[in-house]
Amino acid sequence: MTLTGPKPSWLTFDCYGTLIQWDEGLLAAMDKILSAKGGDIDQKIFIAVYDRHEHALEAERPHRTFANVSALALERAMVEFGLPFEAADADILTSSIGKMPPFPEVVATLETLKAAGFRLAIISNTDDAIIAGNVAQLGGSIDRVITAEQGGAYKPSSEIFHHAWKSLGIGMNDLVHICASPHLDLAAARELGFRTVWVDRGTGRKPLSDYKPNAIVPTLDKVPAILAAAGWM
Numbered sequence: 001m002t003l004t005g006p007k008p009s010w011l012t013f014d015c016y017g018t019l020i021q022w023d024e025g026l027l028a029a030m031d032k033i034l035s036a037k038g039g040d041i042d043q044k045i046f047i048a049v050y051d052r053h054e055h056a057l058e059a060e061r062p063h064r065t066f067a068n069v070s071a072l073a074l075e076r077a078m079v080e081f082g083l084p085f086e087a088a089d090a091d092i093l094t095s096s097i098g099k100m101p102p103f104p105e106v107v108a109t110l111e112t113l114k115a116a117g118f119r120l121a122i123i124s125n126t127d128d129a130i131i132a133g134n135v136a137q138l139g140g141s142i143d144r145v146i147t148a149e150q151g152g153a154y155k156p157s158s159e160i161f162h163h164a165w166k167s168l169g170i171g172m173n174d175l176v177h178i179c180a181s182p183h184l185d186l187a188a189a190r191e192l193g194f195r196t197v198w199v200d201r202g203t204g205r206k207p208l209s210d211y212k213p214n215a216i217v218p219t220l221d222k223v224p225a226i227l228a229a230a231g232w233m
């Protein structure tokens with residue numbers, strides 16, 4: 001598949017894993033938390049359990065803030081592993097998220113896309129206060145930040161995307177969404193039909209078997225060439 005159709009006025013981005021080094025940062029945060037508990041726990045196995053609880057909590061109603069979701073998910077994961085949970089553990093996790101840096105090519109690529117005339121927005125499963133530290137590291141190219149806190153829903157729910165488009169004053173054909181998460185962003189694209197570029201950073205995450213993104217790139221700096229091939233740059 002390729003990018004076709006009208007030139008988008010906006011490029012929207014997933015944040016964590018797409019622009020920001022989520023896996024690396026989460027592994028470091030969990031290592032810090034778990035090393036203080038003693039024992040020999042595989043951080044990657046622990047993170048898989050944490051993720052399961054996080055996604056289940058995000059799907060529940062009423063809506064919880066991500067700070068609340070991450071704290072509850074961490075507590076429930078620690079209970080499964082027989083570890084004592086303290087509020088300070090959740091503080092370590094949430095405070096570390098905003099400090100996670102961008103991937104090396106991200107800032108320059110965003111500047112290139114901005115200079116080409118696109119407006120840039122982030123749509124992210126987080127809270128305003130948490131993502132502020134990440135956005136501050138992106139070089140000032142981002143025009144808007146839409147969070148789950150603002151939309152009252154988490155991806156892959158259509159609610160957060162509809163909220164984002166309404167907030168930006170655009171329709172679905174006015175954007176291309178650039179993301180690294182198959183089971184959140186690409187799942188929503190399968191349901192709603194918006195155009196996507198999947199950033200496959202080699203994490204092992206794969207698209208859904210019944211959905212193909214419009215384009216696939218290994219890193220964000222390959223996106224301008226994809227847009228140029230569509231005649232948009």
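Per the UniProt record's numbering, the very first residue in the sequence shown carries number 1; after that it's consecutive. Note that beta-carbon positions come from the ideal geometry of N, C-alpha and C, so glycine has one too.
Segment contact: the region 199–208 against the region 73–84, fewer than three CB-CB distances shorter than 8 Å; contact not assigned. Measuring C-alpha to C-alpha distances from G133 to each of A164, E58 and S96 identifies S96 as the nearest.
Rounded to whole angstroms, G171 and G38 show a C-alpha spacing of 51 Å. Looking at G5, Y16 and S9, the one whose alpha-carbon comes closest to that of Q137 is Y16.
Our two residues, Q150 and V107, have alpha carbons roughly 25 Å apart in a direct line.
Leaving aside the five residues that flank L27 on each side, the residues in its chain whose CB is nearer than 6 Å to its CB run, in chain order, Q43.
Ranking D89, A215 and D143 by CA distance to the CA of G117 puts D143 first.
By DSSP's assignment, W198 forms a beta bridge with C179 and I216.
Straight-line measurement puts the Cα of R119 at about 36 Å from the Cα of L72. Considered as a whole, the region 79–131 harbours 119–124 as its complete beta strand (DSSP E) runs of no fewer than 3 residues, in chain order. For the 8 Å CB-CB criterion, I146 and I123 form a contact.
Collapsing the DSSP output to three states places Y211 in coil. Nearest neighbour of I160 by Cα position, chosen from T219, H63 and T109, turns out to be H63.
Under the 10 Å beta carbon count, G25 is surrounded by 16 or more other beta carbons and is classified as buried. Annotated three-state conformation of Y16 is strand, per DSSP. Here K155 is not near P182, since their CB atoms are 8 Å or more apart. Under the DSSP assignment, I226 falls in the alpha helix (DSSP H) whose first and last residues are V223 to A229. In terms of Cα proximity to K32, the closest of P104, I92, T219 and V135 is I92.
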